[in-house]
Amino acid sequence: MKITGKKIINLSCLFLFSAFVGISFKTGFIPGQKIGNNFISFSLEMLKILPCAFVLIGIFEVWVKKEKVEKHLGKSSGFMAYIWMVLFAGTTVGGLYVAFPVAYSLHSKGAKLGAVFTYIAASGICRVPMTLFEASFMGIKFSVIRLVVSIPLVILSSMILGHYLEKKDYRLTTVE
Numbered sequence: 544m545k546i547t548g549k550k551i552i553n554l555s556c557l558f559l560f561s562a563f564v565g566i567s568f569k570t571g572f573i574p575g576q577k578i579g580n581n582f583i584s585f586s587l588e589m590l591k592i593l594p595c596a597f598v599l600i601g602i603f604e605v606w607v608k609k610e611k612v613e614k615h616l617g618k619s620s621g622f623m624a625y626i627w628m629v630l631f632a633g634t635t636v637g638g639l640y641v642a643f644p645v646a647y648s649l650h651s652k653g654a655k656l657g658a659v660f661t662y663i664a665a666s667g668i669c670r671v672p673m674t675l676f677e678a679s680f681m682g683i684k685f686s687v688i689r690l691v692v693s694i695p696l697v698i699l700s701s702m703i704l705g706h707y708l709e710k711k712d713y714r715l716t717t718v719e
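Per our numbering: the sequence shown = residues 544 to 719.
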């Protein structure tokens, strides 16, 4: 295994964080203890969501044909691709933790960039459970107004950004 500078930096940060949290618990430093507890809570929450999400993404990769994605979400799909992405994002569970891997999978199967951007943005603002929760606190009128204003702006900005990047021949790179 080759140890690079990036790995040394990552390991150093992990060691420093662990040392900080450990010392905080040893000395009774309350902010450090809260940081440690929040980190553990967040990590456990991610362990509940991410394995299921990655299994579903794997199933998507195997079962959904590239031609089907290209037909409905590709360059020749038209405006309906954006509507499909808003509807799909509304059913996404797990927020953006799940949305980014799904977006990468959609793009690798042939979805145009604008549709992928719409999916990511709509995953942050249009999820059904989040909207129901919001409506219970802020009221249905507020939620409807927010969605009516947000969705067209998401679609418009995604179309513009997607068109601009495709014109510049943007390519997604993989991280190793």
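Glycine included, every Cβ here is placed at the ideal spot set by N, Cα and C.
If you look at L708, you'll find it in the alpha helix (DSSP H) that goes 683-710. The Cβ-Cβ distance between A658 and L616 falls below 7 Å.
Non-local beta-carbon contacts of I663 in its own chain, meaning distances under 6 Å to residues more than five positions away in sequence, involve A642, A646 in chain order. Per the C-alpha coordinates, the member of G705, G579, I626 positioned closest to I566 is G579. By the Cβ-count criterion, L649 is buried, with 16 or more other Cβ atoms from all chains shown falling within 10 Å of its own Cβ. Annotated three-state conformation of G657 is helix, per DSSP. With a minimum length of 4 residues, the unbroken runs of alpha helix (DSSP H) contained wholly in the region 584-641 fall at 609-616, 623-633. The beta carbons of G633 and A596 sit no closer together than 7 Å. DSSP places T570 inside the alpha helix (DSSP H), whose first and last residues are 548-570. Within its own chain, the residues whose Cβ lies closer than 7 Å to the Cβ of A678, once the five positions on either side in sequence are excluded, are S686, listed in chain order.
With respect to the C-alpha of P644, the residue from I602, G548, I546, L559 having the closest C-alpha is I602.
As the crow flies, the alpha-carbon of T635 is around 16 Å from that of I694.
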